[in-house]
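A.B. asks: Same order as they appear, the protein sequences are chains E and X. Under the UniProt record's numbering, the first residue of the first sequence is numbered 1, with each subsequent residue one higher. Under the UniProt record's numbering, the first residue of the second sequence is numbered 1, with each subsequent residue one higher. Where is the CB? At the ideal position from N, CA and C, for every residue including glycine. Since the model is a prediction, treat every value here as computed from it, not as a measurement.
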Amino acid sequence: MYGLVNRAIRDLITTRFGDDAWHHIKQRAGIEVEIFILNESYPDEMTYDLVSASVEELGIPRTEMLRMFGEFWALDTASGPYGALITACGTTLESFLIHLPNLHTRASMMFPNLDAPRFEFEPTGKNQGKLHYITPRHGLTDFIIGIVTGVAKFYGSPCEVQPLELKSDGADHDVLEISWPDAA
Amino acid sequence: MKEPSTLPLLPGTFLPEVFPFYFHWNADMTLRALGPSLTKIFPDAQLGQPMAELFRLVSPAGSWEISRFQGGPSVVYLFEIPALGLKLRGQILELHEPASFLMLASPWISNIEDIARLGLSIDDFAPHDQTMDLLQMVLSYRISIDDLKKLADSLTEQRARMHAQQAEARKLALVAARTDNAVVVTDAEGRIEWVNDGFTRITGWKLDEVIKKRPGSFLQGPDTDPETIALIHNKLIHAEPVTAQILNYSKNGRKYWVDLEIQPIHDEDGRLINFMAIESDITSQRESERQLRETAALQHAMLQSAGYAIIAADTTGIIRLFNPAAERLLGYTASELIGLVTPGVFHDPDEVAEYSRQLSHELGFPVEPGFETFVAKARRGRIDQREWTYIRKDGVRIPVLLSVTALTDDQQITGFLGLATNLTEMKKAEERVRNTLSELERLNRVMMNREERVLELKQEINELCQIHGLAPKYPSALD
């Protein structure tokens, strides 16, 4: 996992829960990294350990914690230096979702060790569609749901995300149904 | 030489889809066509408009001449649209029928913000165009460089902090080693890890004799106050700091008092790792305090039980001490006078004025009537003892013998002390003695007169005897 994700976890914790909480979480996770470099590759276990430590330290359920991370990461990324790139992908949630497969392809070029998941978006009607999330990793579905809700908030159209099929239930991959209201 | 292409004829949509930023101009250097993305962001460009009005040839620099564009497809050209502040790079194909030039261009954007400024989106770029990818990469590396800078700053700060801590630790070690106080460092369970030389000097115990032991196990003894022991124990259990005075025993059994301060030490994560105790030997101090208390108690008893009035005043004359004998003598309570008035309140002002005149003459400088009258001599190191008349609260006048001396502390006058003895009884006794003496004198005179008269009578009788030719009756009276 690239430092990009671990930075988001750190930034969320320090922003919402304080530096002391982050310090304790790092301690619990047994991590001594001072600063996560954006495009540096770190073991996936480090991310999982940080998530688990956050759950234990803050007493927040894992599902809620992962979605919080995802949403924060999306909003933080969108509001930061990458905001211009995200808006270049489109000015609506739908256009972003349509461009998502390409976006991740580009990310794979830049982060060769990313082992990035694959996304496919299938519009199924007005203001709705299915997002196919294909990945060799486990346990990050709620993180993706958080990212989607965060991006939706960035575009000003809060969305509903419902898991239709889950790899954890034996499906081939995760399928998430996303729906959003008309633009105001 | 490159082989001729064997590709099939490409569809007409090929050029706009693959090179959406292309531009095409005629041999007369007028605009012939623009790609869809350029058209979108450069609506002011009109077909047929001179190219020189729309584009600037940046590299290879030069004017708009046919020969400039006949370098072949291997030449990299860089144009700029001044109106947009946009550069375009690519290669030029010379076409025939009609004679024209086609620039297969990609925008050269180095700043991600220009995407939005120009009104572009990802759809305006061909998928093979690496502009967006390069921008993202540049952005990522910029952020990474910032991260590295932050890391470097953090390391620098940590190094500085570490150096400061090391310097501090060296100073503390120096202080701990050389201080006369005992310094004890224990682990979190209270077992000794280190003691300084001061500890050995005070207690007689060396480090190797006490390491891993709890201090209380060998320093405390039968006379150590159990409540103090319990207090310290309770504080340590809760990892709280504690100060106390406690009686300890040295290795040879000597009792000594220490002023003890124990502080818990935590690591950066807040975990208790050590206790540090500093002990000052206060045995002498406590002994001095005990003696002082005894002296003060004795003084108090003396003041309370003294039969003579003891009145002390500060340097301004305000009464600060008024013992029970003074209360009885003058009829005032101490609370009525202390901190409020000078002794002048119970003196006869005429006497004070008169003595002031005398003092002024005696001392050679004016002494104003008032408190200074009572202390002028004492201020100069002399005891002033004389009789005064005190005026009680009820107006009764009392003769007293008053001695006034200065109170000093390190040769500085801090106040004045007056000891007054009631002379009433003595005066009365003196009166009685005077009266008795007077009576005795009168009786003496009477007795002497009588004796003279008896002698005269005896002499007259002797004369009568002589006249009558008799022997004198009182031969002794003849002398």
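As an exercise, report each continuous alpha helix (DSSP H) stretch of at least 4 residues that is fully enclosed by the region 45-104 of chain X, in chain order.
C.D. replies: Runs found: 51-54.
A.B. asks: Who are the Cβ neighbours of X/Val195 in its own chain at under 6 angstroms, not counting the five residues just before and after it?
C.D. replies: So the qualifying residues of the chain are Val184 and Leu207.
A.B. asks: In this structure, what does DSSP give as the bridge partners for X/Ala326?
C.D. replies: Partner(s): none; X/Ala326 has no beta bridge.
A.B. asks: Considering only residues of the region 293-339 of chain X, which uninterrupted beta strand (DSSP E) runs meet the minimum length of 3 residues and lie entirely inside it, listed in chain order?
C.D. replies: Fully enclosed beta strand (DSSP E) runs of 3 or longer: 309-313 and 319-322.
A.B. asks: If contact means a Cβ-Cβ distance below 9 angstroms, which residues of the region 158-174 of chain X contact chain E?
C.D. replies: Per Cβ criterion, the list reads Gln158.
A.B. asks: Using a beta-carbon distance below 9 angstroms, is E/Asn39 in contact with chain X?
C.D. replies: Answer yes: the Cβ-Cβ gap between E/Asn39 and chain X drops below 9 angstroms somewhere.
A.B. asks: What number of angstroms, rounded off, separates the C-alpha of X/Gln358 from the C-alpha of X/Val375?
C.D. replies: Straight-line Cα distance between these residues: approximately 14 angstroms.
A.B. asks: Which term fits X/Gln136, buried or exposed, when burial requires 16 or more other beta carbons within 10 angstroms of its beta carbon?
C.D. replies: Buried, since its Cβ has 16 or more Cβ neighbours within 10 Å.
A.B. asks: Using a Cβ-Cβ cut-off of less than 8 angstroms, list which residues of the region 126-153 of chain X approach chain E; keep chain order.
C.D. replies: Listed by position, the residues of the region 126-153 of chain X near chain E (Cβ gap below 8 angstroms) are Pro127, Met132, Asp133, Leu135, Gln136, Met137, Leu139, Ser140, Tyr141, Arg142, Ile143, Ser144, Asp147, Leu148, Lys150 and Leu151.
A.B. asks: With a cut-off of 9 angstroms, does the C-beta of E/Ser168 fall near any C-beta of chain X?
C.D. replies: With 9 angstroms as the cut-off, E/Ser168 does not count as an interface residue toward chain X.
A.B. asks: Run through chain X and tell me which residues come within less than 9 angstroms of E/Gly90, C-beta to C-beta.
C.D. replies: Under the 9 angstroms cutoff, chain X gives Ser121, Ile122 and Asp123.
A.B. asks: Can you tell me where the beta strand (DSSP E) holding E/Glu64 begins and where it ends?
C.D. replies: Run containing E/Glu64: none in the beta strand (DSSP E); it sits in the alpha helix (DSSP H), Arg62 to Ser79.
A.B. asks: Cutting at 8 angstroms between CB atoms, please list the residues of its own chain near X/Gly339, excluding the five before and the five after it.
C.D. replies: Here the set comprises Ile318, Ile319 and Arg320.
A.B. asks: Could you tell me which of E/Phe154, E/Asp49, E/Thr87 and E/Glu165 sits nearest to E/Ile25, measuring between CA atoms?
C.D. replies: Among E/Phe154, E/Asp49, E/Thr87 and E/Glu165, the Cα nearest to that of E/Ile25 is on E/Asp49.
A.B. asks: To the nearest angstrom, report how far apart X/Pro98 and X/Ala27 are at their CA atoms.
C.D. replies: Approximately 8 angstroms, taken between the alpha carbons.
A.B. asks: Once DSSP output is grouped into helix, strand and coil, what is the label at X/Val454?
C.D. replies: Correct three-state label for X/Val454: helix.
A.B. asks: Checking contacts by CB at 9 angstroms: is E/Glu94 closer than that to chain X?
C.D. replies: It does not: the Cβ of E/Glu94 has no partner Cβ on chain X nearer than 9 angstroms.
A.B. asks: Compare the C-alpha of E/His173 against each of E/Glu160, E/Tyr82, E/Tyr155 and E/Ile134 and name the closest.
C.D. replies: When each option's Cα is compared against that of E/His173, the closest is E/Ile134.
A.B. asks: Just how far apart, CA to CA, sit E/Gly70 and X/Gln165?
C.D. replies: One C-alpha to the other measures close to 40 angstroms.
A.B. asks: What do you reckon, are the CB atoms on X/Ala309 and X/Ala420 nearer than 9 angstroms?
C.D. replies: Yes. Within cutoff.
A.B. asks: Can a CB atom of chain X be found closer than 9 angstroms to the CB of E/Ile13?
C.D. replies: No - not a single Cβ of chain X is within 9 angstroms of the one on E/Ile13.
A.B. asks: Any heavy atom of the ligand GTP within a distance shorter than 8 angstroms of the CB on E/Leu75?
C.D. replies: For the ligand GTP, the structure offers nothing, since it holds no ligand at all.
A.B. asks: Can you tell which of E/Met68, E/Ser168 and E/Pro43 has its C-alpha closest to the C-alpha of E/Val15?
C.D. replies: Checking the displayed sequence, the identity of residue 15 of chain E turns out to be Thr instead of Val. The candidate whose alpha carbon is nearest that of E/Thr15 is E/Met68.
A.B. asks: Which residue marks the beginning of the beta strand (DSSP E) containing E/Ser41, and which one marks its end?
C.D. replies: Neither: E/Ser41 is in no beta strand (DSSP E) and is coded neither H nor E.
A.B. asks: Going by Cα to Cα distance, which pick from E/Val175, E/His138 and E/Gln128 is closest to E/Pro181?
C.D. replies: Comparing Cα-Cα distances from E/Pro181 to each of E/Val175, E/His138 and E/Gln128, the minimum goes to E/Gln128.
A.B. asks: In whole angstroms, what is the alpha-carbon distance linking X/Asn248 and X/Leu231?
C.D. replies: Near 15 angstroms, if we compare the C-alpha coordinates of X/Leu231 and X/Asn248.
A.B. asks: Is there a Cβ of chain E sitting closer than 9 angstroms to that of X/Ala188, yes or no?
C.D. replies: Chain E contact via Cβ: absent.
A.B. asks: Could you check which residue in X/Ala188, X/Thr203 and X/Ile41 has the C-alpha nearest to that of X/Ile265?
C.D. replies: Of the listed residues, the one whose Cα sits closest to X/Ile265 is X/Ala188.
A.B. asks: Between the region 90-98 of chain E and the region 145-159 of chain E, do three or more beta carbon pairs fall short of 8 angstroms?
C.D. replies: Yes, since at least three Cβ pairs between the region 90-98 of chain E and the region 145-159 of chain E fall closer than 8 angstroms, the two stretches touch.
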